[in-house]
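Shown next, in the form of structure tokens:
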């Protein structure tokens, strides 16, 4: 399994919140950080993930914004 | 300083590679993971970051793809 | 404060509409134009913005589509 | 002509810089602001735009990040 | 009409589902494939599309992820 | 293998063009359409795809812009 994206982490689903069209999934990633993903409820149903599941977290590098504070 | 994005990590720049229009920055994030960002060379020059600098890594949740392998 | 994104405007929030998961914010930018941002309600709550506030509007150049009509 | 995107401005092309795969276009938008777009060189060639041309600038609201400084 | 995006298909709207802020549109594209678009309900109302309408489906190449299974 | 994205097609790689940082891949999808993907050269090297290979083409619905001409 290979992805054309530079950022790939393993996350553990900690919560799933469904809205009417979109839903929001929270994940724990290593080092006690939290990440969030938003997708359609349909995609969530296809994925079939629930709290406690491990998933691959994929982000294209072009979608990563750096800020110098 | 507040961002309208769910995913915010602190990363340390480990390499900067400039192309003609775009450039690629590698970062260490906690737990020995690596992230990558692609931006224009102009944005990089404005940011003024170099290896060893700490930066904020910001990703909107909508750009996070989950995959169940 | 420096952002790795080519497009940065100052906008004034004119309306905030919350949905279940996502929300939509309208902003006035200079020259009487209007812009819109969509984010999670959680991000909005973290941002803590309300009508009349000034915010930075950041868009990566790769997300700007040009059309010749 | 109707677009499924909340942000639509009229811009005037002020510079076009071609790289090997990607290119960067600068535009003046009303009120003396500048915007930037990055696309493939192929898309640029199809668009056929050059300095001085007027183009429609389209950005989906989900790609607009708000920051409170 | 020219777009600064590499991927342009013609799709036929097969369903429109409105949420509070976002909506989801399903389209048939040639060869019996299905595509989906998510946008704000406001954008949908501006577009004024309904089932059976033909629309242009535009995707920037940078938003296309390739996976080798 | 399940993806949290609404748009998934099978494409056949027809050309790979490498730049300094980014590269562009062309694919045939069913019904004689062509799609394009842009990614970093590093991602391409990890993917290890070449002309003639079949790949999964994944696009989140939020990145699909509809236009009524």
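Residue numbers (the working numbering), protein chains in the order written: chain A, 7 to 75; chain B, 7 to 75; chain C, 7 to 75; chain D, 7 to 75; chain E, 7 to 75; chain F, 7 to 75. Even for Gly, the Cβ is constructed at its ideal location relative to N, Cα and C.
| query | result |
| --- | --- |
| Contact list for residue 25 of chain C against chain A, beta-carbon separation under 9 Å | 25, 26, 27 and 28 |
| C-alpha gap between residue 15 of chain F and residue 44 of chain B, whole angstroms | 26 Å |
| Cβ of residue 10 of chain F within 9 Å of any chain B Cβ | yes |
| Pairwise C-alpha distance: residue 22 of chain B and residue 33 of chain B | 9 Å |
| Reduced DSSP secondary structure (H/G/I, E/B, other) of residue 5 of chain C | There is no way to answer for residue 5 of chain C, as the model of chain C reaches only from 7 to 75. |
| CA-to-CA distance, residue 51 of chain F to residue 68 of chain A, given in whole angstroms | 17 Å |
| Counterpart residues of residue 74 of chain B in DSSP-defined beta bridges | F:8 |
| Alpha-carbon spacing of residue 104 of chain D relative to residue 11 of chain E, whole angstroms | Since the first and last residues shown for chain D are 7 and 75, residue 104 of chain D lies out of range. |
| From A:66, A:61 and A:71, residue whose alpha carbon lies closest to that of residue 9 of chain F | A:61 |
| Residue 73 of chain C versus residue 17 of chain B - alpha carbon distance | 36 Å |
| Pair within 9 Å by beta-carbon distance, residue 28 of chain A and residue 28 of chain E | yes |
| Beta-bridge partners of residue 32 of chain E, as assigned by DSSP | E:21 and E:42 |
| Residues of its chain near residue 47 of chain C, where Cβ-Cβ distance is below 8 Å and the 5 sequence neighbours each way are ignored | 24, 25, 26, 27, 28 and 29 |
| Whole-Å CB distance - residue 70 of chain C paired with residue 65 of chain D, under 8 Å assumed | 6 Å |
| Interfacial residues, the segment 41-70 of chain D to chain F, with Cβ spacing under 8 Å | 46, 48, 64, 66 and 68 |
| Residues that DSSP places opposite residue 49 of chain D in a beta bridge | None; residue 49 of chain D has no bridge partner. |
| CB contact check: residue 21 of chain A to chain B, cutoff 9 Å | no |
| CA-to-CA distance, residue 39 of chain C to residue 19 of chain D, given in whole angstroms | 18 Å |
| Identity of the residues DSSP links to residue 56 of chain C by a beta bridge | DSSP output for residue 56 of chain C lists no bridge partner at all. |
| Three-state secondary structure (DSSP) of residue 27 of chain A | coil |
| Spatial neighbours of residue 6 of chain E in its chain, beta-carbon cut-off 6 Å, leaving aside the 5 residues before and after | Past the boundaries of the shown model lies residue 6 of chain E; chain E is included only from 7 to 75, so the question cannot be answered. |
| Length of the line joining the Cα atoms of residue 31 of chain B and residue 57 of chain B | 9 Å |
| Straight-line gap, residue 35 of chain B to residue 55 of chain D (C-alpha atoms, nearest Å) | 41 Å |
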